[in-house]
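With the working numbering, letter number 97 in the sequence shown gets 261, and the count goes up by one each step, no holes.
Even glycine gets a Cβ: it sits at the ideal position worked out from N, Cα and C.
Here's the structure we're looking at; comments come further down.
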Amino acid sequence: MSLNSFFSRGPKYSEDQIKEALNALRDGIILIDKNNKIIWSNKNASEWLNLNDPFSQENIRAFFPTSDFDRFLSQSDENASLEAISPFSKSTFFSLQLIPFGETEKILVLRDITKPIRLEKVRTDFAANASHELRSPLTVISGYIDLMVEDKSIPLNWKKPIQDLAKQSERMKSVLSDLLVLFQLESESKKADEEIVDLQGIVMAVKKDCMAAKKPPKKFEVDFKDSGAILGDEVRIQSIVTNIIENALRYCDKDGEISVIWFTDAAGGHLSIRDNGIGMEEKHLERITERFYRIDKGRSRKLGGTGLGLAIVKYALQAHEATLEIKSEVGVGSEFICSFPIDRIHDEVINV
Ligand code: ADP
Numbered sequence: 165m166s167l168n169s170f171f172s173r174g175p176k177y178s179e180d181q182i183k184e185a186l187n188a189l190r191d192g193i194i195l196i197d198k199n200n201k202i203i204w205s206n207k208n209a210s211e212w213l214n215l216n217d218p219f220s221q222e223n224i225r226a227f228f229p230t231s232d233f234d235r236f237l238s239q240s241d242e243n244a245s246l247e248a249i250s251p252f253s254k255s256t257f258f259s260l261q262l263i264p265f266g267e268t269e270k271i272l273v274l275r276d277i278t279k280p281i282r283l284e285k286v287r288t289d290f291a292a293n294a295s296h297e298l299r300s301p302l303t304v305i306s307g308y309i310d311l312m313v314e315d316k317s318i319p320l321n322w323k324k325p326i327q328d329l330a331k332q333s334e335r336m337k338s339v340l341s342d343l344l345v346l347f348q349l350e351s352e353s354k355k356a357d358e359e360i361v362d363l364q365g366i367v368m369a370v371k372k373d374c375m376a377a378k379k380p381p382k383k384f385e386v387d388f389k390d391s392g393a394i395l396g397d398e399v400r401i402q403s404i405v406t407n408i409i410e411n412a413l414r415y416c417d418k419d420g421e422i423s424v425i426w427f428t429d430a431a432g433g434h435l436s437i438r439d440n441g442i443g444m445e446e447k448h449l450e451r452i453t454e455r456f457y458r459i460d461k462g463r464s465r466k467l468g469g470t471g472l473g474l475a476i477v478k479y480a481l482q483a484h485e486a487t488l489e490i491k492s493e494v495g496v497g498s499e500f501i502c503s504f505p506i507d508r509i510h511d512e513v514i515n516v
């Protein structure tokens, strides 16, 4: 169906009435042709993009000149959406959706999401500031508690309460420190750096710490099919590896076995971290990267978990355009696969 026939066909509505209806929408509606030229834009879209003429014929790419937008334009997933900054105001944000229309045309729907984004920012800023404010007093309190733990002159009946205090203040410190890492990751929307990161070296260092833990795993295998050099941000990659491996250790009963495999294929590089631990039911898998989502709160807390590890992993992976796949079976174990895109793979061998 051509656009012309769309606007002129129909017994009930005239072209002007249809346009009027589209102009009344709160969303911005832009019809674009196969060369990405604007065929028609409704009132809101024209205003937001400073278009004097609704039939402007300008190329939509000129308004969103980013590689993300180009990728978005050429993809065919109807559910895909993209957040974009207004071309005329750094503090106005749109959510974009693309709907195929006619033979080769598309409808670009713009929604102003400035308000929810601002609210979200206020919320995270508040939480980040609260965490910062708590850090200094907590450092002082835990410092005194540590002194009391060491103090031989403290009466015997105070020993247990003081040990409990020490444990709880350690827990608070871990939660605060994970919260601060998370807020930092959330606030940095930019892509991770592209420094050469020695993934294998990071895995080996985390393995060493695991083997030195109070309850080390019975077996810890590492198998890198190549050097494992990737382009990214070392601190974030370290945090991804540490959090997933620490979980593997935390959620293994005795006789824990952990295996870490790295391999590359045409799609990119894949880091698989597998354990033979308690596993998880299918229904939890899509929620465990949410903040503070824990299947067994008691167990997580007892073992030093903060409930934030996998949320940190999720954000750190996103910054590398990487994805996380989780497979798990109760009583059998879990596998976490981090897949990095091909352009993050560095093929030069580095010395480890
Ligand atoms: P936590 O600090 O509680 O481990 P995470 O965000 O790292 O928080 O993980 C969220 C929850 O996912 C955990 O509380 C646990 O229930 C579950 N989980 C994570 N990794 C594993 C694993 N390897 N095996 C079984 N359960 C896991």
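In this structure, residue 247 keeps its C-beta atom at 9 Å or more from the C-beta atom of residue 265. Beta-bridge partners of residue 421 (DSSP): 383.
Annotated as proximal: residue 340 and residue 295, with beta-carbon spacing under 9 Å.
Counting only residues of its own chain and dropping the five nearest sequence neighbours on each side, residue 298 has a CB closer than 7 Å to the CB of 340. Closest in C-alpha terms to residue 227, from the list 477, 492, 253, comes 253. For residue 441, the three-state secondary structure derived from DSSP is coil. Taking the Cα of residue 387 as reference, the smallest distance to any Cα among 367, 245, 330, 441 is reached at 367. DSSP places residue 428 in the strand class (E or B) of the three-state scheme. Per DSSP, the unbroken alpha helix (DSSP H) holding residue 404 starts and ends at 398 to 414. Beta-bridge partners assigned by DSSP to residue 261: 245, 273.
In the structure shown, the three-state DSSP call for residue 356 is coil. Around the Cβ of residue 462, a 10 Å sphere holds fewer than 16 other Cβ atoms; the residue is exposed. Annotation: residue 189 to residue 195 spans about 14 Å, alpha carbon to alpha carbon. Assigned with DSSP and collapsed to three states, residue 236 falls in helix.
Judged by DSSP secondary structure, residue 204 falls within the beta strand (DSSP E) whose first and last residues are 202 to 205. The segment 431 to 439 and the segment 489 to 503 touch, with no fewer than 3 CB-CB distances between them shorter than 8 Å. Burial state of residue 440 is buried, judged by a 10 Å Cβ sphere holding 16 or more other Cβ atoms.
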